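Since the structure comes first, as structure tokens, the remarks are kept for the end.
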Amino acid sequence: MKRIFEIIASIALLLILSPVILITGLLVRIFLGSPIIFFQIRPGKDCKPFKLLKFRTMTNEHNEEGNLLPNEMRKTKFGKLLRSTSLDELPELINIIKGDMSFVGPRPLRMEYIQHYTGNQIRRHEVKPGITGWAQVNGRNAISFTERFKMDIWYVDNKSFLLNMKILFLTVIKVLKRENTEGELLNNKPFDGTN
Numbered sequence: 027m028k029r030i031f032e033i034i035a036s037i038a039l040l041l042i043l044s045p046v047i048l049i050t051g052l053l054v055r056i057f058l059g060s061p062i063i064f065f066q067i068r069p070g071k072d073c074k075p076f077k078l079l080k081f082r083t084m085t086n087e088h089n090e091e092g093n094l095l096p097n098e099m100r101k102t103k104f105g106k107l108l109r110s111t112s113l114d115e116l117p118e119l120i121n122i123i124k125g126d127m128s129f130v131g132p133r134p135l136r137m138e139y140i141q142h143y144t145g146n147q148i149r150r151h152e153v154k155p156g157i158t159g160w161a162q163v164n165g166r167n168a169i170s171f172t173e174r175f176k177m178d179i180w181y182v183d184n185k186s187f188l189l190n191m192k193i194l195f196l197t198v199i200k201v202l203k204r205e206n207t208e209g210e211l212l213n214n215k216p217f218d219g220t221n
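In my numbering, the protein residues as written are 27 to 221.
And the structure:
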């Protein structure tokens with residue numbers, strides 16, 4: 027029933043939000059260029075890789091050697107606006123339809139982080155990753171990896187329909203208030219098992 031609900035809800039949201047999605051895509055094309063959609067391989071349930079879809083929020087500028095410039099140099103005001111309003115996350119509705127993600131669950135992080143997880147931390151992959159989650163409504167980018175993973179495991183152990191509804195409600199409030207949406211994680215460093 028949950029899977030059917032998520033498919034129907036995702037399709038409905040894509041239709042309802044289609045004007046917003048089209049306008050956002052057009053603005054991404056104007057301000058950041060092509061491609062409009064950015065994808066990255068992320069670990070899903072049981073660490074199975076999938077393509078996470080998002081609107082681009084950074085330019086594709088390269089240095090003289092042809093390498094991408096650091097993230098901080100490729101960020102723009104428009105890209106920061108997309109992140110702070112969570113509009114960059116809208117293409118993830120397609121990930122839900124495909125079965126890669128759920129509305130609620132631990133956020134999918136980088137593939138290379140898997141090698142650094144403890145036996146307990148990797149339990150965050152016992153469920154599908156989500157567009158939002160318990161850690162997102164309890165700090166999001168203002169908490170450390172360690173804190174985030176503790177919340178992810180708490181969610182895995184306590185997930186329920188009512189908890190999911192609570193998280194979705196709190197997510198809407200957080201997005202409207204634009205709380206803890208700027209920047210990367212608190213320590214602004216990739217996870218290496220110590221942070």
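Built from N, CA and C at the ideal position, the CB exists for glycine as well. Please read these numbers as outputs of a predicted model, since none were measured by experiment.
Can you grab the Cα-Cα spacing for the pair residue i / residue j, in whole Å?
i, j, result
"Arg152", "Lys203", "It should be pointed out that residue 152 corresponds to Glu in this sequence rather than to Arg. Rounded to the nearest angstrom, the two C-alpha atoms are 31 Å apart."
"Glu87", "Phe57", "13 Å"
"Thr144", "Leu52", "42 Å"
"Gln141", "Phe175", "15 Å"
"Arg149", "Asn167", "21 Å"
"Asn184", "Glu173", "17 Å"
"Glu118", "Leu78", "7 Å"
"Ala35", "Pro134", "21 Å"
"Ile122", "Thr220", "32 Å"
"Ile67", "Leu188", "30 Å"
"Lys74", "Leu95", "29 Å"
"Asn245", "Phe171", "Since the first residue shown for the chain is 27 and the last is 221, residue 245 is missing from the structure and cannot be characterised."
"Leu211", "Ile169", "Per-residue confidence for Leu211 stands at a pLDDT of 47, beneath the threshold of 50, marking its modelled position as unreliable; no derived number is given."
"Val46", "Glu98", "27 Å"
"Thr111", "Ile33", "23 Å"
"Phe195", "Ser60", "34 Å"
Just to check, is the beta-carbon of residue i closer than 6 Å to a non-hydrogen atom of the ligand ATP?
i, result
"Thr144", "This structure simply doesn't include the ligand ATP, nor any ligand for that matter."
Check the C-beta distance from residue i over to residue j and give it rounded, since I have them as a contact under 8 Å.
i, j, result
"Gly156", "Met127", "6 Å"
"Gly70", "Lys154", "6 Å"
"Ile179", "Asn146", "6 Å"
Taking the Cβ atom as the reference point for each residue, do residue i and residue j lie within a distance shorter than 7 Å?
i, j, result
"Leu113", "Thr197", "no"
"Met137", "Gly105", "no"
"Gly165", "Gly131", "no"
"Lys103", "Val163", "no"
Whose C-beta lies closer than 6 Å to the C-beta of residue i among residues of the same chain, with five residues either side of it excluded?
i, result
"Phe64", "Lys80 and Arg82"
"Ile120", "Leu79"
"Arg100", "Met84, Thr85 and Glu87"
Can you tell me whether residue i is buried or exposed? The criterion is at least 16 other CB atoms within 10 Å of its CB, across all chains shown.
i, result
"Leu48", "exposed"
"Ala161", "buried"
"Ile42", "exposed"
"Arg29", "exposed"
"Phe31", "exposed"
"Arg55", "exposed"
"Phe129", "buried"
"Ala38", "exposed"
Skipping 5 residues on each side, what residues in its chain have a beta carbon closer than 7 Å to that of residue i?
i, result
"Tyr139", "Phe217"
"Glu115", "Lys80 and Ile157"
"Met177", "Trp160, Ala161 and Asn164"
Please go through the same chain and pick out, in chain order, the residues whose beta-carbon is closer than 8 Å to the beta-carbon of residue i, but skip the five residues on each side of it.
i, result
"Asn89", "Leu95"
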